[in-house]
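Colleague: Heads up: the sequence shown begins at 3 in this note's numbering, then just goes up one per residue.
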Amino acid sequence: MSAQNLQGAVDELDLRILGELANQPDAAVKQIAQTLGIPASTCAFRMRSLRNRGVITGVRLMIDPAAVGAPVQAMIRVRLANHSKTGVDALFDALVATAGVLQVFHIAGADDFLVHVAVADAGALRDIVLEHITVHDVVRATETQLVFELRDGAGVVRRR
């Protein structure tokens, strides 16, 4: 479903529900309904509809990488030598399957991919670059930038 279709399919009540879910992702339907002043049955129906329409695409467990032995985070910029569909797809698939990789962005501009990683130390960071990225024939160059601090942004729906 295109983003334009999703925008047309979402009304003010849906946005209020999404805002509450953004504030309290683990809140019970009854609690969200009470906060919004709507019947729980309406809230449950709307939430189910948002999932069925692909507006809510899933639920994620967020784990602090440092708490599980991966305190070093970095962004690895990847530039490709060529852009064949098979080469790009193979690299993308390999990157997302690599242990320590948190997110992979296929982007436009001077760089082709941004790879967000969390690892134990500088050696593990080097190993991701040398053993999992530069081994692909389509890769021309990488540049690694350490993440000093990470904060979540405001998101796409208004939170209270």
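Heads up, the beta-carbon is just placed ideally off N, CA and C, and yes, glycines get one too. In this text the structure is predicted, and so the values were computed from the model without any measurement.
1. Can you give the Cα-Cα distance for R48 and N25, rounded to whole angstroms?
2. Hey, A72 and A122 are a contact pair by Cβ (cut 8 angstroms); roughly how many whole angstroms apart?
3. Indicate the three-state DSSP secondary structure (helix, strand or coil) for A120 in the structure shown.
4. Look up V141 in the DSSP assignment and say whether it is helix, strand or coil.
5. Let me know the secondary structure DSSP gives T88 once reduced to three states.
6. Measure how close the beta-carbons of V117 and V80 come, nearest whole angstrom, since I'm counting them as under 8 angstroms.
7. Can you tell me the Cβ-Cβ gap for Q75 and V131, rounded? I've got them flagged as a contact below 8 angstroms.
8. Alpha carbon to alpha carbon, how far is Q36 from A30? Give it in angstroms, no decimals.
9. Round the Cβ separation of V141 and L63 to the nearest angstrom and send it over; I've been treating them as touching at under 8 angstroms.
10. Please list the terminal residues of the continuous alpha helix (DSSP H) segment that includes R53.
11. Nearest CA to the CA of P67: which residue from L152, L20 and G157?
Modeller: In this structure, then:
1. Sequence index remark: in the sequence shown, residue 48 carries index 46 (1-based). Sequence index remark: in the sequence shown, residue 25 carries index 23 (1-based). One Cα belongs to R48, the other to N25, and the distance between them is close to 17 angstroms.
2. Mapped onto the sequence shown, residue 72 falls at position 70. Mapped onto the sequence shown, residue 122 falls at position 120. The beta carbons of A72 and A122 sit about 6 angstroms from each other, so the pair counts as a contact at 8 angstroms.
3. Within the sequence shown, the letter at position 118 stands for residue 120. The DSSP-derived three-state label of A120 is strand.
4. Looking up residue 141 in the sequence shown gives position 139. In the structure shown, V141 adopts extended strand secondary structure according to DSSP, grouped into three states.
5. To locate residue 88, count along the sequence shown from 1; it is residue 86. It is helical.
6. By one-based count along the sequence shown, residue 117 stands at place 115. By one-based count along the sequence shown, residue 80 stands at place 78. That belief holds up - the Cβ atoms of V117 and V80 are roughly 6 angstroms apart, short of 8 angstroms.
7. In the sequence shown, residue 75 corresponds to position 73, counting from 1. In the sequence shown, residue 131 corresponds to position 129, counting from 1. Separation of the CB atoms of Q75 and V131 is rounded to 14 angstroms, and the pair is thereby denied contact status at 8 angstroms.
8. Against the sequence shown, residue 30 aligns to sequence position 28. Against the sequence shown, residue 36 aligns to sequence position 34. Straight-line Cα distance between these residues: approximately 10 angstroms.
9. Position 139 of the sequence shown, counted from the first residue, corresponds to residue 141. Position 61 of the sequence shown, counted from the first residue, corresponds to residue 63. Rounded, the Cβ-Cβ distance is 31 angstroms, inconsistent with contact.
10. Taking the sequence shown and counting its residues from 1, the one referred to as residue 53 is at position 51. Start and end: A42 to N54.
11. Position 65 of the sequence shown holds residue 67. Among L152, L20 and G157, the Cα nearest to that of P67 belongs to L152.
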